[in-house]
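In the numbering used here, the protein residues as written are 79 to 413.
This report refers to the structure that appears directly beneath it.
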Amino acid sequence: MPKRSTLDPSGFFRRIPLLPHQLHDAVTPTRDFFAVAHLGIPRVDAATWTLEVAGLVERPFTLTLDALRALPKRDVQSIHECAGYPRNPAIAARRIANVVWSGVDLRDLLTTAGVKAGAKYVWLHGLDHGAYDGTEVDSYVKDMPLVRLDDGGVLVAYEINGEPLPREHGFPARLVIPGYYGTNAVKWLWRLEVADQRATSPYTTVFYNDHLPATATDPTPGTVPVWEVAPESVIVSPAPDEIIARSTFDMWGWAWAAAGVREVVVSTDNGGTWHAAEVEKRCDWSWQRFHYTARDVAMGTTTMLSRATDNNGATQPLSGWRNHMHAVQVRISSP
Ligand SMILES: Nc1nc2c(c(=O)[nH]1)N[C@H]1C(S)=C(S)[C@@H](COP(=O)(O)O)O[C@H]1N2
Ligand SMILES: [Mo]
């Protein structure tokens, strides 16, 4: 274990995200980026910080920050989305941003270390410690299946939007797994541990596990880790409670999914009828802009909805899950 870090502040920390109608920028400025920390914000001295690569590897090693920065650098644009409440997946928190991360490809580090046969996961250890929801830990620990490395883009990131990571976002380095929920993007990273089984931390066994619905044949189907981001979309314009003095207007927003979005449909009559929106291509794991010109919308109060479908055919439910549809109520008035 490293020397125990000082937390400043200690305890649960968050910065409120932009609301959907405030997400004007394709790349979220760092000052507008939401923040979540369960245990506090460690003070980390860049001069003494090191990253260990250990566990089921042939050649364990330790890197200083200078040594990490000297390795080949990669940029990846990706959505970054909080999975919401660790024990309640039914709430759509919509803490979402889209940023450019820079750092070292985890594949390169693990190739240098030489992964041993039988290894299946990498455990990601953060320097923060303490109690959350009555559970005490020495380190915030998450895990990732090694097969995720085949899709590329997994970084030990030390920059966001071209600047060093701010303290609250994980200085000096964090793991970024594009397409995975933010909870897996371990900040203040100090150890990567290759293993043949899932991590035993409360953050991988209790929190951030979805309970599968019981079926007639399987009354206790168990849980699935909160890893890949499910398809989701938000309406940026119009804004909630906007008064629109015309029957034809533009509707646009962002759609995203780990697998990429293949279709977005929108409704201007609370789900009565649906229309295909135009969807832009994605860049790396970014969100994708969608756009629709609404025509001849009846006067009065109405609810707009958007629904994304990903490249695997998965789509958004109307309610009751973290990725349920975003609804925006507006009023169409006479010009
Ligand atoms: N070490 C550590 N990493 C962490 C967390 C944490 O509490 N400790 N919170 C996770 C959660 S739930 C989210 S949503 C993201 C938030 O990242 P951000 O604060 O940079 O937006 O960090 C993740 N990584
Ligand atoms: Mo989160």
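Don't be surprised by glycine CBs; every beta carbon is placed ideally from N, CA and C.
Here the structure is a predicted model, which is why all the values come from computation and not from measurement.
Exercise. Would you say the beta carbon of ALA161 comes nearer than 7 Å to a heavy atom of ligand 2?
Worked result: yes
For this session: Note down, in chain order, each residue of its chain lying with its Cβ closer than 8 Å to the Cβ of PRO107, except the 5 sequence neighbours on either side.
Result: ASN239
For this session: Look up TYR236 in the DSSP assignment and say whether it is helix, strand or coil.
Result: strand
Problem set entry | In chain order, each beta strand (DSSP E) run of at least 3 residues that lies wholly inside the segment 106-169 | Restricting attention to beta strand (DSSP E) runs no shorter than 3 residues, the segment 106-169 encloses them at 113-115, 118-121, 128-133, 139-142, 152-159, ordered along the chain.
Exercise. Distance, Cα to Cα, ARG29 vs LEU97?
Worked result: Only positions 79 to 413 of the chain appear in this structure, which leaves residue 29 out of reach.
Problem set entry | Burial state of THR346 (16 or more Cβ within 10 Å) | It is buried - the Cβ of THR346 has at least 16 other Cβ atoms within 10 Å.
For this session: Ignore the nearest five residues each way along the sequence and tell me which others in ALA191's own chain have a CB closer than 6 Å to its CB.
Result: VAL131, VAL135, ARG137
For this session: Verify whether the separation of the beta carbon atoms of ALA355 and HIS369 is less than 8 Å.
Result: Yes, Cβ-Cβ distance for ALA355 and HIS369 is below 8 Å.
Exercise. Can the beta-carbon of VAL416 be found less than 8 Å from the beta-carbon of ILE410?
Worked result: Outside the shown range of the chain, which is 79 to 413, sits residue 416, and nothing can be said about it.
Exercise. Quick one: what's got a C-beta closer than 6 Å to ASN262's C-beta in the same chain, skipping five residues either side?
Worked result: Same-chain partners within the cutoff: LYS220, ILE255.
Exercise. Short check: CB of TRP334 to CB of ARG367, under 8 Å?
Worked result: no
Problem set entry | Residue nearest to VAL154 in terms of C-alpha spacing, selected from THR189, GLU237, ALA405 | GLU237
Problem set entry | Within 8 Å, strictly: CB atoms of SER412 and MET377 | yes
Exercise. If you drop the 5 nearest sequence neighbours on each side, which residues of the same chain put their C-beta closer than 8 Å to that of THR282?
Worked result: VAL219, LYS220, ASP221, ARG276, PRO303
Exercise. Count the other CB atoms within 10 Å of the CB of GLU271; is the residue buried (16 or more) or exposed (fewer)?
Worked result: Buried is the call here.
Exercise. Can you tell me the Cα-Cα spacing of LEU101 and THR295, whole angstroms?
Worked result: 44 Å
Exercise. Heavy atom of ligand 2 less than 7 Å from the Cβ of VAL426, yes or no?
Worked result: Since the first and last residues shown for the chain are 79 and 413, residue 426 lies out of range.
Problem set entry | Backbone CA spacing between LEU187 and ASP86 [nearest angstrom] | 30 Å
Exercise. Cα-Cα, which of THR326, VAL307, ASN287, ILE157 is closest to ARG165?
Worked result: Ranking the options by Cα distance to ARG165, first place goes to ASN287.
Exercise. Is it the case that the CB of HIS353 approaches a heavy atom of ligand 1 more closely than 7 Å?
Worked result: no
Exercise. Nearest-angstrom Cα distance between ALA168 and ALA175?
Worked result: ALA168 and ALA175 have their C-alpha atoms roughly 20 Å apart.
Problem set entry | Straight-line Cα distance separating SER384 from PHE285 | Their backbone Cα atoms lie some 29 Å apart in a straight line.
Exercise. Whose CA, out of PHE327, ALA337, ALA197, ARG269, lies closest to the CA of ALA317?
Worked result: PHE327
Exercise. Can you tell which of TYR163, ASN348, CYS361 has its C-alpha closest to the C-alpha of VAL406?
Worked result: Here the closest residue by C-alpha is ASN348.
Problem set entry | DSSP three-state assignment for GLY349, whether helix, strand or coil | DSSP places GLY349 in coil when its eight states are reduced to three.
Problem set entry | 8 Å Cβ shell around ARG82 - same chain, five flanking residues per side excluded | HIS207
Exercise. Which of the three DSSP states, helix, strand or coil, is assigned to HIS99?
Worked result: Under the three-state reduction of DSSP, HIS99 is assigned to helix.
Exercise. How would you label ILE94, buried or exposed, when you count the other beta carbons within 10 angstroms and need 16 or more for buried?
Worked result: exposed
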